Amino acid sequence: MNERSHMNTDIRDARIGLLGDMIRIRVLEERCAELYGQMKIRGFLHLYIGQEAVAAGIVPQLEPDDAVVATYREHGHALLRGVSAASIMAEMYGKATGCSGGRGGSMHLFCAERRFYGGNAIVGGHLPLAAGLGLADVLADRRGRVTACFFGEGAVAEGEFHEAMNLAALWNLPVLFCCENNTYAMGTSLRSSESQTDLALKAAGYEMPAWAVDGMDVEAVRDAAGRALATVRAGGGPVFLELRTYRFRAHSMFDPDLYRDAEEVERMKERDPIATFAARLVADGVVDDPAVEALWAAARDETEAAVAFAEAAPFEPVEDLTRHVLAEPEDHR
Amino acid sequence: MNERSHMNTDIRDARIGLLGDMIRIRVLEERCAELYGQMKIRGFLHLYIGQEAVAAGIVPQLEPDDAVVATYREHGHALLRGVSAASIMAEMYGKATGCSGGRGGSMHLFCAERRFYGGNAIVGGHLPLAAGLGLADVLADRRGRVTACFFGEGAVAEGEFHEAMNLAALWNLPVLFCCENNTYAMGTSLRSSESQTDLALKAAGYEMPAWAVDGMDVEAVRDAAGRALATVRAGGGPVFLELRTYRFRAHSMFDPDLYRDAEEVERMKERDPIATFAARLVADGVVDDPAVEALWAAARDETEAAVAFAEAAPFEPVEDLTRHVLAEPEDHR
Amino acid sequence: MSGELTDREITYREAMREALQEALTTDDRVFIMGEDVADYGGTYAVTKSLYTEFGRDRVRNTPLSESGFVGAGIGAALGGMRPIVEIMTVNFSLLALDQIVNTAATFRHMSGGQVSIPVVIRVTTGAGRQLAAQHSHSLEGWYAHVPGLKVVAPASVADARWMLAAALDDPDPVIIFEHTGLYNLRGDPGTGPVSLEGAAVRREGGDVTIVASAGMVPKALDAADELAEAGIDAEVIDLRSLRPLDRPAIRRSVERTGRAVVVDEGWRSVGLSAELAATITEDCFYCLDAPVARVAGVEVPIPYPKHLEDASIPQVADIVAAATNVMEGVTVGG
Amino acid sequence: MSGELTDREITYREAMREALQEALTTDDRVFIMGEDVADYGGTYAVTKSLYTEFGRDRVRNTPLSESGFVGAGIGAALGGMRPIVEIMTVNFSLLALDQIVNTAATFRHMSGGQVSIPVVIRVTTGAGRQLAAQHSHSLEGWYAHVPGLKVVAPASVADARWMLAAALDDPDPVIIFEHTGLYNLRGDPGTGPVSLEGAAVRREGGDVTIVASAGMVPKALDAADELAEAGIDAEVIDLRSLRPLDRPAIRRSVERTGRAVVVDEGWRSVGLSAELAATITEDCFYCLDAPVARVAGVEVPIPYPKHLEDASIPQVADIVAAATNVMEGVTVGG
Ligand SMILES: Cc1ncc(C[n+]2csc(CCOP(=O)(O)OP(=O)(O)O)c2C)c(N)n1
Ligand SMILES: Cc1ncc(C[n+]2csc(CCOP(=O)(O)OP(=O)(O)O)c2C)c(N)n1
Ligand SMILES: [Mg+2]
Ligand SMILES: [Mg+2]
């Protein structure tokens, strides 16, 4: 094989990888919804369905040393960061082998090994944290590292957004701010919560470079994120990405979804990031229908194995209730 | 007298009024500094010396029904709002006849009758309050009312600034945001605390009109505030004014003033808003030196009377300590 | 406490909604403000469809800006309105604490009594829904620490129905804590009115006094039933107001029973249960037959799995055990 | 507690500054961050000129963004650094409570023990400087309520000198409260080290135990001197750590004396004094000769004038009176 066909194969594989990643998230979460109905998963459950192109376009580009800080709508980010579907599912079951030992549940997935720092459920609360992770990298002179911080457009109204954006820009911190603008914060649209809805203009208030990207197009996300990450890694300071996306499901399993037209949702579903990208790949001759079906089948296998793992996993004994409040002696340095 | 000379007289008088107002603040505060040295005034004392053109250019333009919300550096604003020098001075002495009954001190001047709502000493904390006062006016359909909110440029970094600006713009509230940019927040310069130092750009992030004004020129302030107030009163929503000013004294009486060159302070003193405006009025033939001296003399009289009042005033009896925590029965509606 | 009985039975949620509706109807100055109170109907559906009746100005969705909109509520109160501000979950109220503690609670005092802040802030609180460590706490005790605030926790349908009006009638800031576990409680709302202050004896008994509030009241009543089967006759006091506390009512009861168990869902250390234990001991030291027993939240951020969540907050069995110990004079140190 | 004595006498402020300097010198991961910690030298001059030695990266001025920079400190701790974050005044810490309570205190737990947040947060606290109702409070008790935090209050020059190192050595978030009234206290810093936990008996006595912390310790010692003149031999315990509390040390003392006075500058209701009174009563009920007396802050936002400010916080005379009452078995209900 000559170099060019090598490259072609790499590109082909990468595109298939993007599709496969989105499918893995979708399948995992469709199953979560079922399991919620069966009361296997409890508490709040926020599905990412419709937004998969964002995580798929960004997370796999991160290096092992990078860090990720996300919201309660983070199953997809965790999965693509390399947290196993099994440990994610066990976490949602509240089992001891879950990625947070069962303590966190759906909203608080953690994996220190992958530098995946939550699963944060105070809207906006994790943005200062991301700035701090970036500050640590600067102070420890760990050049090239990036912290990717995911949050919804609703967080933009919070004071913590404002303070974190200013700190990151002022101190030139290596943080990629990924604002997933899915139009709604629970039932409140951006239009009814921000006087200025062009989020890039907000970033300008901190002199932070900002780009808006079609978040339903995984390749557009990947390309924008690639450029942004290159800037951040090179010491160019933080970048703000607005990913324009949409959630197809209700905010959480409690949400009666009264605040938007079914028609609007249907219209957006025509732009389903998975269906549209699969169609593009078929049109480009990269995959055929059976190949796409194979991706779904693989994802179903992964998810079913995860469910089996979670089902079989043990609960933490109740005697351990007060563990993990403070360090245990062996945690002391 | 014909109409034109009437108008000329009015304009003359108004200009002299501006000068007199600045002088009244200056004299009162120079005396406060002395009294602090004599330990008559205690706690934190923040002087406005150098910034008088801002309060003088804005506050007298407010109507009785308007509201004012200010910071701990608010003696001048209170005085020009019609809170008597005597009750201000008594407050700084902690006397029962002070404008806050002695409970507040220098940082917490209040006068409900003049709708002067503090004297607020949590930086940024009073901005949401101003939005709320504006909201009350909108909901009660009290058209034409304005709430003027004064704060330093240091407050811009606080999340509460961000949240209040967005609320005010989103809901089109009648609030005039007056940012007194004196370059320093205690010892921290704007440059070292904001990634974007052009504050008007911040306002753009909320789609709020914003103008920067030479805050050392009382007529420039008056003109800009006049236009801004007209907009706000007419229902045009909030306006953000950046008043570029400078404080000649240290941040508070505790501040050793180590963070700026004496030379910088001297250079700025050449732009003293009182001296330059007095010179302009003399040059314009509006006043002569004796007339200016008379303004100083009147201010001294006012201040000395205030000191005498404060000296003679009683302290609240210690038995009353727990009053004013909750409403007393007669306060119930 | 709740006026006459009626023949109605409604839920706590419905009672609260009726109270809001009434307030909006009878007083032009009243408006509701908070995240998703309009179209969404509130996270716990308490304000459901009120905006269709009163419009979006008076049932006002806010951006996610807890400090901003709570502060705006305080400002609007200062400006003559009677705002009812909703904070979805007590954990989020931390974002607004500056406004509540440094402004709402101090303005009257700092101004020498010139201004009032008649704001009402509704906050949902409590665990029990597997919402884990950022959505499940009970910080009522913190608020009860702060002079300048009044803090209430309706624990009955009647109080849910009528305390709001009393809160709106009060010239000072009132924080209303609504325990999420109570929203489906059913009962007779009564005809009202009720007073904002004053504890209520929910069950009379002569052997031991159980003092509880909010979500702990139904549990205390269940515990009393179990204790009765074991021959222990417990009196149950519902605090209703956490600040001020109704010390005389508690004292009257403990003077009779000589024994007390205090129950609070919040963490034990420096919590409401500590205040209750200290107060009772101060007031009744010489008539106590045993030290006051505290039943309080375990000192752990609330974990997600049901078995651990259940174990982290007081359950009926814990109250029963504490009361039994107190009857036997066993000291129950922490 | 403080290792060997030295022949030095320095102030509490100097001790704290030495501790910071040492930390910056010995551990590259340590940095200081807060409002005006650099050129200005800190509001209370504790960090004065440290930036000239260590540079502005490690002695880092922040914008006025309490939530932002405290959160950034927490994030930097997560990222392997050992940040020392300074909050000028406890009232401003309310702006950062979300970060401290919802993030710093929960991360270890929510992650099932995977992550540590070794951040140190220094907060000045207390009244006594006529700074009125937005600068003078004592909210240590609030922090002591929260599992996942450690809370200390150095009240001696030696603790000011050495507790910081112990705090930095701890893998969990530690809040250090520095009472502004102590900065000019003089004493021997000793050679250290000291432990982060554990109360210290500052004066031995057999008649009554006075438990105090932070700015109340010197007052308790003065009260003990006055009591001695009246023939009452008081023991004074300096809590040092407010969370966890050293219950065994308190119990040992009260078991001997049979009487206790607890002193806290914070407001009385649901404050630290409540926890102390409740704890002591639980641990020592059957050996108490009188109810525990609480001496606490009066429930009022702190007023500006000196006579009212003085009256609003515990003074030596209040402690003396409480101890005298306790000796006479007088119940001192609130
Ligand atoms: C500080 C805070 N306020 C309110 C909430 C309740 N809440 C949870 S998610 C959410 C909407 C957030 O919207 P957005 O940031 O756009 O993210 P999305 O859910 O759309 O992904 C709200 C209001 C919260 N968790 N934290
Ligand atoms: C929330 C808060 N943080 C810190 C402080 C301490 N502080 C008081 S004034 C001040 C500087 C404020 O600067 P700026 O807003 O520019 O107003 P100026 O003093 O220059 O008038 C600081 C940091 C405070 N009072 N409140
Ligand atoms: Mg959204
Ligand atoms: Mg300034």
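Read top to bottom, the protein sequences are chains A, B, C and D. Residue numbers for the first sequence follow this note's numbering, so the first one is 86 and each next one is one higher. Residue numbers for the second sequence follow this note's numbering, so the first one is 86 and each next one is one higher. Residue numbers for the third sequence follow this note's numbering, so the first one is 323 and each next one is one higher. Residue numbers for the fourth sequence follow this note's numbering, so the first one is 323 and each next one is one higher. All C-beta atoms in this analysis are idealised placements derived from N, C-alpha and C, irrespective of residue type, glycine included. Please read all numbers here as calculations on a predicted model, not as lab measurements.
- In the DSSP annotation of this structure, the continuous segment of the alpha helix (DSSP H) that includes residue 575 of chain C starts and ends at 569-579.
- For residue 211 of chain A, there are no C-beta contacts with chain B under 8 angstroms, since the nearest C-beta of that chain is about 14 angstroms from it.
- Proximity annotation: ligand 4 has residues B/237, B/238, B/239, B/265, B/266, B/267, B/268, B/269 and B/270 in chain order, each selected because its CB is closer than 7 angstroms to a heavy atom of the ligand.
- The Cβ of residue 631 of chain C sits no closer than 8 angstroms to any Cβ of chain D.
- Assigned with DSSP and collapsed to three states, residue 540 of chain C falls in helix.
- Using a Cβ-Cβ cut-off of 8 angstroms, residue 470 of chain D is close to 410 and 411 of chain A, given in chain order.
- According to the DSSP assignment, residue 287 of chain A belongs to no beta strand (DSSP E) but to the alpha helix (DSSP H) extending over 284-289.
- Partner residues in the beta bridge of residue 501 of chain C, as assigned by DSSP, are C/447.
- When secondary structure is reduced to three states using DSSP, residue 646 of chain D falls in the helix class.
- No Cβ of chain D is located within less than 8 angstroms of the beta carbon of residue 164 of chain A.
- Excluding residues up to 5 positions away in sequence, 584, 586, 616 and 618 lie with their Cβ nearer than 6 angstroms to the Cβ of residue 595 of chain C in the same chain.
- In this model, residue 155 of chain B and residue 425 of chain C are separated by some 13 angstroms (Cα to Cα).
- With a threshold of 8 angstroms between beta carbons, residue 457 of chain C makes contact with chain A.
- In the displayed model, residue 269 of chain B falls within a strand according to three-state DSSP.
- Between residue 563 of chain C and residue 518 of chain C, the C-beta spacing is below 8 angstroms.
- Distance between residue 304 of chain A and residue 310 of chain A, taken at the CA atoms: about 10 angstroms.
- Taking a contact to require three or more Cβ pairs closer than 8 angstroms, the region 130-144 of chain B and the region 108-116 of chain B qualify as touching.
- The closest heavy atom of ligand 1 lies less than 7 angstroms from the beta carbon of residue 414 of chain C.
- Against chain B, the CB of residue 274 of chain A has no partner CB under 8 angstroms away; the residue lies outside that interface.
- When rounded, the separation of the alpha-carbon atoms in residue 499 of chain D and residue 446 of chain D is 6 angstroms.
- Closest in alpha carbon position to residue 281 of chain B, among A/284, A/261 and A/253, is A/253.
- Contact between residue 400 of chain B and residue 636 of chain D does not hold, since the beta-carbon distance rounds to 21 angstroms and is not under 8 angstroms.
- Leaving aside the five residues that flank residue 312 of chain A on each side, none in its chain has a CB nearer than 6 angstroms to its CB.
- From the beta-carbon of residue 243 of chain B, the residues of chain D found nearer than 7 angstroms are 386 and 387.
- Across the structure, residue 415 of chain C and residue 388 of chain C are spaced so that their CA atoms are roughly 7 angstroms apart.
- Judged by beta-carbon spacing, residue 487 of chain C lies within the 8 angstroms limit of residue 345 of chain C, meaning their Cβ atoms are closer than that value.
- The beta carbon of residue 368 of chain D does not come within 8 angstroms of any beta carbon belonging to chain B, so the residue lies off that interface.
- The C-beta separation of residue 404 of chain C from residue 351 of chain C comes to about 4 angstroms, placing the pair in contact by the 8 angstroms criterion.
- Cβ atoms of residue 542 of chain C and residue 641 of chain C come within 8 angstroms of each other, at about 6 angstroms.
- Selection B/322, B/214 and B/207 evaluated against residue 270 of chain B yields B/207 as nearest (Cα-Cα).
- For the region 405-422 of chain D, residues whose beta-carbon sits nearer than 7 angstroms to a beta-carbon of chain A comprise 420 and 421.
- Minimum Cα-Cα distance from residue 569 of chain C among the listed residues C/558, C/605, C/592 and C/578 corresponds to C/605.
- For residue 409 of chain C, the enclosing beta strand (DSSP E) starts and ends at 404-409.
- Within 10 angstroms of the beta-carbon of residue 348 of chain C lie fewer than 16 other beta-carbons, which makes it exposed.
- Residue-level contact check: residue 193 of chain B touches chain C, since one or more beta carbons of chain C fall below 8 angstroms from its beta carbon.
- In this structure, residue 612 of chain C places its C-beta atom within 8 angstroms of the C-beta atom of residue 648 of chain C.
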